[in-house]
Ligand code: CP
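Structure representation (structure tokens):
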């Protein structure tokens, strides 16, 4: 496919193909010279309408390692502030011969809209509450590295499920690849209608931890609209914080993931985030190979 808009739109075979391609690029990252000429002559534009540390930097590194030319747009200094629409921004940049757009946007569906107005590839780097497909791909890649296969793996996603695009993309990707997914959060941010996606839902943290091989811990998005009804950070930590004591009762070798940014002492304690079960920084590193694979595959895909 020429775009990566969400994992909802991919088959299990397509997901596996991206992950296998990423393995090749991960091997490249172990070499002295980490650069390959795969996208020489192409130009990528990174359009981040929302803040980002990991995604923005790892897309830029991935593009540079593929020998792609890179344009980092400062959206706060762009003509968006003068009222230019996303479609016009995209079409004008395409007139400047942009081949790949990487876009993060506060509005769910913004990458889908952009893809309708440009022939260039569009890669979703997180859109509102909708999807964050490359995050889920790197999460899944990290799980595959640890466990070999996703089939039958019990993965619990714990935290602010309601507002999380990471949760949505992980649910699509993990269930398609055969993992058993449990969602856990306080009732106020636990969307029970997600049962339709074939996941288990609970507000009991110990139930979510009981048989889990891996957990993906999410940040509480206190900046969101209904945050007034959220438990306070200290209440949340007491009831749902992932701490050493909490994990002690469950599988000794449980894998702990977090997409970042971490709010230490709210959803996770520092001794767990930095402890032996944590693969949080492995996830960040794997983001480069996974994004190299995505950029390579979308830009070499046949146009329909
Ligand atoms: N995981 C993630 O999307 O982090 P950033 O917001 O820093 O990109």
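Numbering (UniProt numbering), first residue to last: 9 to 312.
Just so you know, even glycine gets a beta-carbon here, dropped at the ideal spot from N, CA and C.
Query	Result
Residue 164 - partner residues in DSSP beta bridges	190 and 223
Assigned exposure category for residue 196 - 16 Cβ within 10 Å defines buried	exposed
Residue 63 beta carbon near the ligand CP (any heavy atom closer than 8 angstroms)	yes
Nearest candidate by alpha-carbon position, reference residue 3, set 33, 128, 50 and 60	The question about residue 3 has no answer here: the residues shown for the chain are numbered 9 through 312.
contact_flag[the segment 64–78, the segment 12–29] where n(CB pairs < 8 angstroms) is 3 or more	no
Residues bridged to residue 51 (per DSSP)	77
Per DSSP, the bridge partner or partners of residue 210	192
Residue 177 and residue 193 closer than 9 angstroms at C-beta	no
Proximity of residue 160 and residue 186 at Cβ, strictly below 9 angstroms	yes
Nearest candidate by alpha-carbon position, reference residue 323, set 262, 145 and 235	The displayed coordinates of the chain run from 9 to 312. Any statement about residue 323 would go beyond what the structure contains.
Nearest candidate by alpha-carbon position, reference residue 110, set 89, 92, 135 and 96	135
Residue 118 versus 83, 107, 132 and 31, residue with shortest Cα-Cα distance	132
Close Cβ partners of residue 294 (< 8 angstroms) along its chain, the five nearest in sequence each way excluded	30, 34, 146, 149, 150 and 153
Residue 211 CB to nearest heavy atom of the ligand CP below 8 angstroms	no
In chain order, each alpha helix (DSSP H) run of at least 4 residues that lies wholly inside the segment 135–164	141–155
Contact test: residue 143 Cβ vs the ligand CP heavy atom, cutoff 8 angstroms	yes
Nearest-angstrom Cα separation, counted from residue 57 out to residue 81	9 angstroms
Proximal residues to residue 256 (C-beta, below 6 angstroms), its chain only, five neighbours per side dropped	none
Distance cut-off 8 angstroms: residue 113 Cβ against heavy atoms of the ligand CP	no
Rounded Cβ spacing between residue 126 and residue 91 (contact assumed at less than 8 angstroms)	Not quite, the Cβ-Cβ distance comes to about 19 angstroms (not below 8 angstroms), so this is no contact.
Bounding residues of the alpha helix (DSSP H) (the contiguous stretch that carries residue 125)	118–125
Same chain only: Cβ atoms within 6 angstroms of residue 163, ignoring 5 sequence neighbours per side	182, 187, 189 and 222
Residue 298 versus residue 26: straight-line alpha-carbon distance, rounded	7 angstroms
Whole-angstrom C-beta distance between residue 108 and residue 305, which should lie under 8 angstroms	So it is not a contact: roughly 11 angstroms between Cβ atoms.
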